[in-house]
Structures are given as C-alpha cells and as structure tokens.
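Position one of the sequence shown corresponds to residue 1 (full-length UniProt numbering), numbered consecutively onward.
Every residue gets a Cβ at the ideal spot worked out from N, C-alpha and C, and that includes glycine.
Notes follow once the structure below has been shown.
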Amino acid sequence: MGSDNNPRKWYEWYSPDQPREERRLVLKLDLLIVPYAFILYWVKYIDQTNINNAYVSGMSEELNFNGNELVQFQTIFVVGNVLGLLPFIYLFPRVPMHYLVPTLDLGWGIFTLLQYRAQSYGEIMAYRFLVSIFEASYFPGSVVKSVPFSWALLGRIFKNWKFYVLVLWDVFFFNTSANTAAFLLWIKSLSRYDTATMNNLSAISPALGIFFVLFVNFSADLWISRPTAITLASAFNFTGLVILAVWNVPEAAKWFAFSVSYSAVAVSSVLYGWANIILKDNIEERALTLVLMTAIATSTNAWIPLFVYPTVESPRFPRGYVYSACMVVCLVTMTHIISYLFGSNGQKRANTAQRHIEAEPESERVSTIEKVDKATETNSINNTGSHPKQASIPADGVPAA
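Below, the structure is given as structure tokens:
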C-alpha cells in the first residue's frame, strides 16, 4: 500500500518505499501462492456446484427426484465442510501444508468422479458428504498460517469481544447470496433451451463475477475504502435480490438480477482481508479465529436454505430472496459498525496522531518525546519500585528476555 507520505499509485505493483525483501515476498505471493490458491479454488468450486448442473441436465428425471433433493444435496455438502474443519484444526500444525492440501485435493477429486455411478438419493448424499469432508481444508489450509491448537488459546478467543463481532459479520455475509442453483432452475423453467445451451447461459453470472471480484477488491485497496467497496458490491446484490423478490417484472430484469448475483461473492476477499488486519496483533488468535469464523458462518448454510430455498418452490423462492436481501442490509450495517470500531477509532486515530507528530517542529517533537519517556520512566518506578533499566537486568547479570 505504501506509507501516507509516499502512497502507491494504482498502476504501481510495489510502493516506492517498499524494501527489496518485501518486494521479493510480494513477487513470491503473486506468482506462486496466488495462482496455486486460484487453481485450487477453481477446481473446488466446480466440484462443489456441479450437482446443480447435473440436477437440471437430466439427473432429476432419471432418478425421479420431485421434492427437495437438490437443496438437501447442497446442505449435506455444507455439513461435511463444517465437520471436516474440526480434525484439520488438529492436523494443520502437524502435517506440512504442501503435503496435506494436495492430498486432500486428490481425495475430493476421486469422490467427485465416483458420483457418476450413483443410482439413488442415498448414494449421492454419501458422495457429496465425502467430497465436502476433503474440501473442508481448502480455505484455512491455503490462506491461514498453521498454529498449535490449545484450550488456553481457544479460551482467550472466546473471551475476546472481537470474536463475536467478527463472527456475526461473517454470518451476515454467508447469507447474502441467493441459492447457487436458482439461476439454472429458472432457465430450465423457461422450457426453451436445450441442456447444453442452458448450462452455457448459467455461466453468465460467474463470468461477470470475475469482473466484480477484481473491481471490488482492487478498488478497496487502491481507490476507495473497504467499507465503501463492500457497500458498492452489496448494492448490486441487493438490487438483484429485490427484483427477484418482486418477481412479476419483465424477463430482462430477471436476467439482470441473476447476472449480478455474484457481486455477493466479491465481498469475501475484502471481508477476510480486513479481518486479518483487525486480528494482526496475535498470529495464533488470528489463525484460529479465522477458522472458527468460517466454520460458524458456514454452518448457518447447513439448515437455513432448507427453510428459505426449498427446491419445490423453484424458481420463485419467495422467502429466500427476501431473506437474502435482509441479510445484505445487515451486512452493510455491520460493515460500517466494524469500520467505526476498528477503523475510525483505531487505525484512523493512529494515522492522525502520526501526521500530527510529523507536522510538529523538530524542537517540539524532541520535547514531546522526552516528556513521554519521562512519564513512562516515572510510571515504571511507581509500579516496580525500581528504575526500568535496572529492573530489566537481574542479579546474575543476564538481561531478561
């Protein structure tokens, strides 16, 4: 990002004052880790959502699915994701990531392939559960640093009010998206496209989602603030959800509404990147908090869609679109509360103090620093009964750690 005195321009890959070591790290992240995480997520997402394409491409007719089977396939996947996180919290610090994550990737690939032989509802449920168990490692395993798990660490996290604020924020985010199969089910209901065309048309939304993700995330760092970026993406999502909630609108409006639905996904990287910054003071707490945030927020998708997005109500989903729109409002509201708590009262105040110090004349700055040093020294003497420099050297002459 660059310092306030020497900010990075939008077209610059590095900030002008960034040391060579940091530039090498950025290059490593951008050329090695990010492409790997991208490819892994691409495969994961295809394996996660291909059940929707299969359902509208003849599976429901061949296996005589007439009820809520599709939403149940989706929710069992979420259940596996949440349950799978628990053993991986234990495994992450003990098994090297470059072995664990690719091995699990192969596992979910195998069980994804085996779905072709499923002949019943129960078989598909079993395969979906196993795919999700192996996929559960992706998010924490690819972006979160491994740390040893301990009950003491867990206790510290649960006693920290930040944890509950961030979890609630993440829960709102996870419930802002319409059902992933909604677009496909609506296209199928039009009864005017063959299977291949129907699946091709469903790619409009994720294709536009690429633009939303790039624009919102680069904007958050380079042009506008994080709260504004989240609000902007949410505005597109909210507009689409309102159109779908009304439903009795021109068909062109529905095409627009479904096409912008992936604007909800664009919020993810901004939200989790911001959460990383909020939790930057303690690496261990940050890592476990991010895992718990993901698990708790994801768990809400294991049961809420059963009530608001039942397959038998497709493609209308009268409760679902209204519910998701309400969650968008909650997300934006919570985002600005987060900005007030952790941005305006913390980071911005620190930046203001820094600018004030830099604006002082040199003589006044030295005087201020001396006053702070004397006050700190006096406070240490009052608290410890000795001079701070003396207190840091024990009787054996070895400086304290």
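Residue state for Ala297 is assigned as helix, using DSSP reduced to three classes. In terms of Cα proximity to Lys44, the closest of Asp221, Pro16, Arg23, Val101 is Val101. Counting only residues of its own chain and dropping the five nearest sequence neighbours on each side, Pro96 has no CB closer than 8 Å to any other CB. Phe218 carries a helical assignment under DSSP once its states are collapsed to helix, strand and coil. If you check the CB distance, Val216 and Ala287 do not come in under 8 Å. Bounds of the alpha helix (DSSP H) holding Asn200 are 195 to 201.
Under the three-state reduction of DSSP, Leu100 is assigned to helix. In the assembly as shown, Trp186 is a buried residue. Its beta-carbon has 16 or more other beta-carbons within 10 Å. Annotation: Met59 is outside any alpha helix (DSSP H) and is labelled neither H nor E by DSSP.
Taken through DSSP and simplified to helix, strand or coil, Leu190 comes out as coil. Using a Cβ-Cβ distance cut-off of 8 Å, the stretch 315 to 327 and the stretch 222 to 231 are not in contact, since fewer than three pairs of beta carbons, one from each stretch, lie closer than that value. Looking from the CA of Tyr138, the closest CA among Leu104, Tyr127, Leu130, Leu166 belongs to Leu104. For Pro305, the uninterrupted alpha helix (DSSP H) segment begins and ends at 304 to 308.
In this structure, Trp274 lies near Arg226, with their beta-carbon atoms less than 8 Å apart. Following the DSSP letters along the chain, one finds Ser269 inside the alpha helix (DSSP H) bounded by residues 267 to 278. By the neighbour-count definition (other C-beta atoms within 10 Å, threshold 16), Trp161 is an exposed residue.
Excluding sequence positions up to five before and after Val249, its CB lies within less than 7 Å of the CB of Ile243, all in the same chain and listed in chain order. Between the alpha carbons of Lys28 and Pro93 lies a gap of roughly 22 Å. Phe111 places its beta carbon less than 8 Å from that of Phe134.
In the three-state reduction of the DSSP assignment, Asn81 falls in the helix class. Gly67 sits exposed, since fewer than 16 C-beta atoms from the chains shown fall within 10 Å of its C-beta.
In this structure Gln119 is exposed. Its beta-carbon is surrounded by fewer than 16 other beta-carbon atoms within 10 angstroms.
Of Phe158, Ala182, Ser314, the smallest CA-CA separation from Tyr262 is found for Ala182. In the DSSP assignment, Arg319 falls within the unbroken alpha helix (DSSP H) covering 318 to 338.
In the DSSP assignment, Ile243 falls within the unbroken alpha helix (DSSP H) covering 226 to 246. In this structure Met327 does not touch Leu166 by the C-beta definition: roughly 16 Å separates them, more than the 8 Å allowed.
Residue environment analysis places Val246 among the exposed positions, since fewer than 16 neighbouring C-beta atoms fall within 10 angstroms of its C-beta. In terms of CA proximity to Leu331, Ala235 leads the group Ala252, Ala235, Lys254, Asn276. Looking at the backbone, the Cα of Phe258 and that of Tyr36 are separated by about 29 Å. Separation of Leu168 and Ile210 (C-alpha to C-alpha, rounded to the nearest whole angstrom) is 26 Å.
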